[in-house]
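>
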Amino acid sequence: NYLLYMQREDGSWPLFHGGLCDISSTVESYMALKMAGMPADREEMVRARNAIRKNGGIKKTRVFTKIFLAMFGQVSWDVCPAIPAEIILLPNGFFFNIYEISSWSRGTVVPLSVVRSLEPVHSLPAGRDVQELFTENDNDLDFKPSGLPFTSWRDTFIYLDRIIKFIGKFPWKPFRKTALRAVEKWTLEHQEEEGDWAGIQPAMLNSLLALYLMGYSKDHPACVKGMEAVDRFLLEKEDRLWMQACVSPLWDTAICLNALIDSGLPTDHPALIKSAEWILSKQVVKRGDWQIKKPHAEPGGWAFEFYNELYPDTDDTAEILLALNRIDVPNIRWKLNECQRALSWLLHMQSKNGGWGAFDVDNDKEVLNEIPFADHKALLDPPTVDVSSRILWMLSQWGFKREHPQVARALKFVKEGQELDGCWFGRWGVNYVYGTFLAMTGLSAMGEDMSQPFSCKAIQWLEAHQNEDGGWGETCQSYEEPSLRGRGTSTVSQTAWALLALVAGGEAKGDAAKRGVEFLMRNQNDQGTWWEDAFTGTGFPVHFFIKYHMYQHFFPLMALARYRRAIEND
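Take 1347 as the starting number for the sequence shown in our numbering and just add one per residue.
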């Protein structure tokens, strides 16, 4: 019911509300409905098939879709990139090893290597296959080089992929058993006590599948807990059921606290103290994968989710430190000790170029995104302007000055990340409006002169992209189409970001800020809050977007509060 509810009129499924056809999601949705018993001649299925053919067919789907098709015998495993289990045996010093890819890739690729290596095929009952989707254009689905080996990294990796597949056909695999045991050990060690893996759905599902393929029964404690974790991600509304990709309680709570404090709630208010004490209780004091590159750093960050002790992230930690610094927790020694621990961990997580990634240090070997498996171009976790700017914002509140060596390097990183037209790219929020909000806020908080050209260009960019209704909006398609940067139907969260950037740039009294405030006031509902349907969070640019249901509440509140304070203080 949920899939049918989300289907577009043209028969396809999008990645976000109002989006265009996503061919991979459409094929996967069609396949799920067919496997569930929906007949191919049903009107919704006919429309879906037409959309699939119109948008390039199976040939245009991403790697994960082809893997799903292979698992059910719809395509040969040979069309899927090689992910040999032996990669887990590569030493940390090698150019490529599992710790040179992002945490989310690692948590998925390690168990998925079992699936790809064992090549399971689950035969579908008659009438449940999707062979009707295939056309003559889908006969050759493997990756094709554009030239000879070594003419480009992409071509080199495609030829290497072919060699690995060829070798994999031989029965003699001297390291396979050792590799599978290592993957099994790694997978079990990376499961949280509550059953989660990495706090994200892909890692959970692939880990469960890997354990099953390695002989674990569904009654094994690891599988029982894993299924319980998956069940916690399910949402049900009326006659519809769907699964979340992740949950964000610590993130939402921290931003909400900052918005409430900005709006004037006393810093000793019981609600703030209760939330702060809960956050402090969730601090990660366990070593995780980040220690591979930072063995001397002590743990102290926070994660995004309820249960994810192995993968704290710098963005959540910074937002939480912003909030904790402003709340009068009764046990002040406890708060300060834990915050100092977090600050120390965060400073250790700075990359060589001065910026911060989300989960790892120096996770920036861009060439690895040319591996055939990485067709989503999100294999890495490089430093980003939005995360680095939030950390600068936080450090300013904890007394760090521009002259501090690490701060100076971060300021340089953020400034150099500005686009020629004045905006900044947004890695974790849509898109240039988000990046510009954080860059301007971080630079301003650190005492940068906001009359300098970098600030003037950013303000001019925001003013030029304000909609006629006074708001700002930016479609998720801006990640694919540069002409759409800063363009889209106005949303309250993106309008709030633009307003926060203008306030940071000293333009609170300008006409653009005034019109932005009027847009927010005009769209406030009877309950005192706001509503929006848009996806304004980013998981992977182009391929995965997030609807943060709290963004529509706390970001407009934060923006209006800071606008009011700027007007009063001017």
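Each residue gets a CB set at the ideal place from its N, CA and C atoms; glycine is no exception.
Is the segment 1668 to 1679 close to the segment 1609 to 1620, with three or more CB pairs under 8 angstroms?
Judged by Cβ distances under 8 angstroms, the segment 1668 to 1679 makes contact with the segment 1609 to 1620, as three or more pairs qualify.
> Can you give me the Cβ contacts of residue 1426 inside the same chain, cut-off strictly under 7 angstroms, excluding the 5 residues immediately before and after it?
Locating residue 1426 in the sequence shown gives position 80, where the first residue counts as 1. Cβ neighbours of residue 1426 beyond the five flanking positions: 1409, 1412, 1413, 1416, 1462.
> With a threshold of 6 angstroms on Cβ separation, who are the neighbours of residue 1382 within its own chain once the five nearest residues in sequence on each side are excluded?
On the sequence shown, residue 1382 is found 36 positions in, with the first residue counted as 1. Closer than 6 angstroms at Cβ, skipping near neighbours: no residue.
> Report the rounded CA-to-CA distance for residue 1372 versus residue 1691, giving the unit in angstroms.
Stepping through the sequence shown from its first residue, residue 1372 is reached at position 26. Stepping through the sequence shown from its first residue, residue 1691 is reached at position 345. If you take the alpha carbons of residue 1372 and residue 1691, they lie about 42 angstroms apart.
> DSSP beta-bridge partners for residue 1582?
Taking the first residue of the sequence shown as 1, we reach residue 1582 at position 236. Looking at the DSSP assignment, residue 1582 forms a beta bridge with 1587.
> Could you tell me which residues DSSP puts in a beta bridge with residue 1886?
As a first step, residue 1886 is located in the sequence shown; it is residue number 540 there, counting from the start. Paired residues: 1890.
> Please state whether the Cβ-Cβ distance between residue 1837 and residue 1882 is less than 8 angstroms.
Translated into positions along the sequence shown, residue 1837 becomes position 491. Translated into positions along the sequence shown, residue 1882 becomes position 536. Cβ atoms of residue 1837 and residue 1882: closer than 8 angstroms.
> Rounded C-beta distance between residue 1501 and residue 1494? I'm assuming under 8 angstroms.
For this step, residue 1501 is matched to residue 155 along the sequence shown. For this step, residue 1494 is matched to residue 148 along the sequence shown. Indeed they touch by this definition, with Cβ atoms about 7 angstroms apart.
> Let me confirm a value: residue 1627 is counted as buried when at least 16 other C-beta atoms fall within 10 Å, else exposed. Which label applies?
What you label residue 1627 is simply residue 281 of the sequence shown in a count that begins at 1. Classification of residue 1627: exposed, given that the 10 Å Cβ count is below 16.
> Out of curiosity, what's the CA-to-CA distance linking residue 1608 and residue 1476?
By one-based count along the sequence shown, residue 1608 stands at place 262. By one-based count along the sequence shown, residue 1476 stands at place 130. Whole-angstrom Cα-Cα distance: 54 angstroms.
> Please check the pair residue 1693 and residue 1744, which I expect to be a contact at CB under 8 angstroms, by giving their CB distance rounded to whole angstroms.
Within the sequence shown, numbered from 1, the residue matching residue 1693 stands at position 347. Within the sequence shown, numbered from 1, the residue matching residue 1744 stands at position 398. Actually they are not in contact, since the Cβ atoms of residue 1693 and residue 1744 sit about 11 angstroms apart, beyond 8 angstroms.
> Assuming residue 1665 is part of the alpha helix (DSSP H), what are its boundary residues?
As a first step, residue 1665 is located in the sequence shown; it is residue number 319 there, counting from the start. From DSSP, the alpha helix (DSSP H) with residue 1665 extends over 1660 to 1670.
> Can you tell me whether residue 1773 is buried or exposed? The criterion is at least 16 other CB atoms within 10 Å of its CB, across all chains shown.
As a working mapping, residue 1773 is identified with position 427 in the sequence shown. Answer is buried; the Cβ neighbour count reaches 16.
> Expressed to the nearest angstrom, what Euclidean distance is found between the alpha-carbon atoms of residue 1796 and residue 1553?
Along the sequence shown, read from residue 1 onward, the residue named residue 1796 stands at position 450. Along the sequence shown, read from residue 1 onward, the residue named residue 1553 stands at position 207. Computed Cα separation, rounded: 49 angstroms.
> How would you write the range of the alpha helix (DSSP H) that residue 1752 sits in, first residue to last?
Start at 1 with the first residue of the sequence shown, and residue 1752 comes out as number 406. Note, residue 1752: alpha helix (DSSP H), 1751 to 1762.
> Under the three-state reduction of DSSP, which class applies to residue 1877: helix, strand or coil?
Reading the sequence shown from its first residue, position 531 is the one you call residue 1877. Residue state, collapsed to three classes: coil.
> When the Cα atoms are used, what is the spatial distance from residue 1403 to residue 1395?
Translated into positions along the sequence shown, residue 1403 becomes position 57. Translated into positions along the sequence shown, residue 1395 becomes position 49. Going by the C-alpha atoms only, they are around 9 angstroms apart.
> Please report how far the alpha carbon of residue 1506 lies from the alpha carbon of residue 1456, in whole angstroms.
Within the sequence shown, residue 1506 is the residue found at index 160, counting from 1. Within the sequence shown, residue 1456 is the residue found at index 110, counting from 1. Rounded to the nearest angstrom, the two C-alpha atoms are 19 angstroms apart.
> With a cut-off of 8 angstroms, does the C-beta of residue 1912 fall near any C-beta of chain B?
Here there is only one protein chain, and chain B is not present.
> Give a yes or no on whether the C-beta atoms belonging to residue 1934 and residue 1571 are separated by under 8 angstroms.
No information on residue 1934 is available, as it lies outside the stretch 1347 to 1916 that the chain covers here.
> Out of 1581, 1752, 1547, point me to the one whose CA is closest to residue 1654's CA.
In the sequence shown, the residue the question calls residue 1654 occupies position 308. The shortest Cα separation from residue 1654 among 1581, 1752, 1547 belongs to 1547.
> Is the separation between the beta-carbon of residue 1901 and that of residue 1843 shorter than 8 angstroms?
Position 555 of the sequence shown, counted from the start, is the residue given in the question as residue 1901. Position 497 of the sequence shown, counted from the start, is the residue given in the question as residue 1843. Taking 8 angstroms as the Cβ cut-off, residue 1901 and residue 1843 qualify as a contacting pair.
> Is it right to say residue 1593 is buried, meaning 16 or more other beta carbons lie within 10 angstroms of its own, or is it exposed?
Here residue 1593 refers to the residue found at position 247 of the sequence shown. It is buried - the Cβ of residue 1593 has at least 16 other Cβ atoms within 10 Å.
> Quick one: using the 10 Å Cβ neighbour count with 16 as the cut-off for buried, is residue 1563 buried or exposed?
By one-based count along the sequence shown, residue 1563 stands at place 217. Residue 1563 comes out exposed.
> Taking 8 angstroms as the threshold (C-beta atoms), are residue 1662 and residue 1597 in contact?
Sequence index remark: in the sequence shown, residue 1597 carries index 251 (1-based). Sequence index remark: in the sequence shown, residue 1662 carries index 316 (1-based). Cβ distance < 8 angstroms, so residue 1597 and residue 1662 count as in contact.
> By Cβ distance, which residues of its chain are closer than 8 angstroms to residue 1665, with the 5 residues on each side in sequence left out?
Here residue 1665 corresponds to residue number 319 of the sequence shown, with the count starting at 1. Only 1597, 1600, 1601, 1604, 1736, 1740 meet the Cβ criterion.
> Who are the Cβ neighbours of residue 1432 in its own chain at under 6 angstroms, not counting the five residues just before and after it?
As a position in the sequence shown, residue 1432 is number 86, starting the count at 1. Correct list, in chain order: 1521, 1525.
> If you draw a straight line from the C-alpha of residue 1847 to the C-alpha of residue 1861, how long is it?
Taking the first residue of the sequence shown as position 1, residue 1847 is located at position 501. Taking the first residue of the sequence shown as position 1, residue 1861 is located at position 515. Each residue's Cα considered, the two are about 14 angstroms apart.
> Residue range of the alpha helix (DSSP H) that residue 1938 falls in?
There is no way to answer for residue 1938, as the model of the chain reaches only from 1347 to 1916.
> On the DSSP letters alone, give me the boundaries of the alpha helix (DSSP H) that residue 1732 sits inside.
For the purposes of this step, residue 1732 is taken as residue 386 along the sequence shown, with counting starting at 1. First-last of the alpha helix (DSSP H) with residue 1732: 1731 to 1743.
> Taking all protein chains shown into account, do 16 or more other C-beta atoms lie within 10 angstroms of the C-beta of residue 1454, making it buried, or fewer, making it exposed?
Residue numbering aside, residue 1454 sits at position 108 when the sequence shown is read from its first letter. Buried: at least 16 other Cβ atoms inside 10 Å.
> DSSP three-state call for residue 1613: helix, strand or coil?
As a position in the sequence shown, residue 1613 is number 267, starting the count at 1. In the structure shown, residue 1613 sits in coil (DSSP, three-state: anything other than H, G, I, E or B).
> Could you give the uninterrupted runs of the alpha helix (DSSP H) lying entirely in the segment 1685 to 1718, keeping only those of 4 residues or more?
Listed in chain order, nothing qualifies, since the segment 1685 to 1718 has no complete alpha helix (DSSP H) run of 4 or more residues.
> When the Cα atoms are used, what is the spatial distance from residue 1752 to residue 1695?
The residue given as residue 1752 occupies position 406 in the sequence shown. The residue given as residue 1695 occupies position 349 in the sequence shown. Spanning the two alpha carbons is a distance of roughly 11 angstroms.
> Using 8 angstroms as the cut-off, can you tell me whether the segment 1804 to 1811 makes contact with the segment 1766 to 1785, which would need three or more C-beta pairs spanning the two stretches below that distance?
Enough Cβ pairs lie closer than 8 angstroms, so yes.
> For residue 1703 versus residue 1790, is the C-beta spacing smaller than 8 angstroms?
For the purposes of this step, residue 1703 is identified with residue 357 of the sequence shown, where counting begins at 1. For the purposes of this step, residue 1790 is identified with residue 444 of the sequence shown, where counting begins at 1. Contact flag unset, no.
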